[in-house]
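Q: Once you've had a glance at the structure underneath, I'll fire off some questions.
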Amino acid sequence: MAQAQVGHHLLCGGLRLITTTATTGRRRRTATMATSVSAYQKLLAVGTKIIAVGRNYAAHAKELGNAVPKEPVLFMKPTSSYLENGGKIEVPHPLESLDHEVELAVVIGQKARDVSEASAMDYVGGYALALDMTAREIQAVAKSGGLPWTVSKGQDTFTPISSVLPCSMIPDPHDVELWLKVDGAIRQKGSTKDMIFKIPYLISHISSLFTLLEGDVILTGTPQGVGPVKVGQKIEVGITGILDINFDVGRRKSLKS
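FYI, the numbering for the sequence shown is 1 to 257, going by UniProt numbering.
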């Protein structure tokens, strides 16, 4: 009898067992089992990349003086930029502030390459609430020179993120309200229904360019209201009725000589 190999992949419906027969390479799905909370939290730990979508809300594109894109504007952030709830967002020298951008994050549950829009949601392992912190001054210089945005978007602590939420907590990711407060004052509030490019299209489009792996994250864009935060301020972000998290803003320590 051929030996079988068993792998686990997180999908929106739960934890599925995939059994592979060594002699034929055929795959057989077995019964879906309930997914533990710890399994969801391990998703971010195994992810290889963060793919962010810029200008995915028309009002946000307008507030920054950008045209509404005809196809998704994509950029990457390293996973080393993650910051857990309650952590300190670090403003690097010599900057005085960073801009906040609240976003719904899609967490991929299994390898996805060249997937169709029709099947795209089968590859979602869960969701998270995230911030895309931006060094706007550095980004402006990069834009003017036609350079990448990596330094302005990908530094340590520049992707504060919540724990992973199971799909059952967000049954319709295109109908949730995102909000952000700075020192208790509302700065951003918007609905994911206003996304220009919806999640199935984003997954399909991105997977046609880069293979998405388990734990990879797609940041789906931010609604209008982005603005600066300075050292000493406090950011609170939330998904109305579901989740809220908070972060302090501090100064990054200078490099030791």
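Built from N, CA and C at the ideal position, the CB exists for glycine as well.
1) Tell me the DSSP secondary structure of valine 107 in three-state form.
2) Kindly list the residues whose CB is nearer than 8 Å to the CB of lysine 250, restricted to its own chain and excluding five residues on each side of it in sequence; keep chain order.
3) Whose C-beta lies closer than 6 Å to the C-beta of phenylalanine 75 among residues of the same chain, with five residues either side of it excluded?
4) Three or more C-beta pairs closer than 8 Å, one from the segment 136-153 and one from the segment 202-218: is that the case here?
5) Could you check how far apart the C-beta atoms of alanine 105 and alanine 130 are, in whole angstroms? I think they sit under 8 Å.
6) Threonine 159: buried (16+ other C-beta within 10 angstroms of its C-beta) or exposed?
7) Can you look up leucine 147 in the DSSP assignment and give me helix, strand or coil?
8) Among residues of its own chain, excluding the 5 on either side of glycine 54, which ones have a beta-carbon nearer than 6 Å to its beta-carbon?
9) Considering only their Cβ atoms, is the gap separating tyrosine 127 from proline 173 smaller than 9 Å?
10) Can you round the beta-carbon distance between serine 254 and aspartate 156 to whole angstroms, since I take them to be within the 8 Å contact cut?
11) In angstroms, rounded to a whole number, what distance separates the CA positions of glycine 190 and alanine 58?
12) State the Cα-Cα distance for the pair glutamate 177 and glycine 241, rounded to the nearest angstrom.
13) What residue range is occupied by the uninterrupted alpha helix (DSSP H) comprising glutamate 101?
14) So what's lysine 153 in DSSP terms, helix, strand or just coil?
15) With DSSP as the reference, label arginine 29 as helix, strand or coil.
16) Which residue or residues does DSSP assign as beta-bridge partners of lysine 230?
17) Straight-line CA distance for aspartate 244 to histidine 100?
18) Let me make sure I understand the geometry here. Which of Leu83, Lys49, Glu63 has the alpha-carbon closest to that of lysine 77?
19) Kindly indicate the opening and closing residues of the beta strand (DSSP E) around tyrosine 57.
A: Walking through what the data contain:
1) Here valine 107 sits in strand by DSSP.
2) It should be noted that the sequence gives glycine, not lysine, for residue 250. Here the set comprises Lys88, Ile89, Glu90, Val91, Val231, Gly232.
3) Once the five neighbours on either side are set aside, the close Cβ partners of phenylalanine 75 are Ala52, Trp149.
4) The segment 136-153 is not in contact with the segment 202-218.
5) 4 Å between Cβ atoms; contact.
6) Buried is the call here.
7) DSSP places leucine 147 in coil when its eight states are reduced to three.
8) These residues qualify, in order along the chain: Val73.
9) Between proline 173 and tyrosine 127, the CB-CB gap stays under 9 Å.
10) Not quite, the Cβ-Cβ distance comes to about 14 Å (not below 8 Å), so this is no contact.
11) Each residue's alpha carbon lies about 12 Å from the other.
12) Computed Cα separation, rounded: 9 Å.
13) It is not in any alpha helix (DSSP H) - glutamate 101 carries neither H nor E in the DSSP assignment.
14) Lysine 153: helix per DSSP, three-state reduction.
15) For arginine 29, the predicted model reports a pLDDT of 35, less than 50, meaning its position is unreliable and no value from the coordinates is stated.
16) Bridge pairing for lysine 230: Ser97 [DSSP].
17) Between aspartate 244 and histidine 100, the alpha-carbon positions lie close to 15 Å from each other.
18) Among Leu83, Lys49, Glu63, the Cα nearest to that of lysine 77 belongs to Lys49.
19) Per DSSP, tyrosine 57 belongs to no beta strand (DSSP E) and is neither H nor E.
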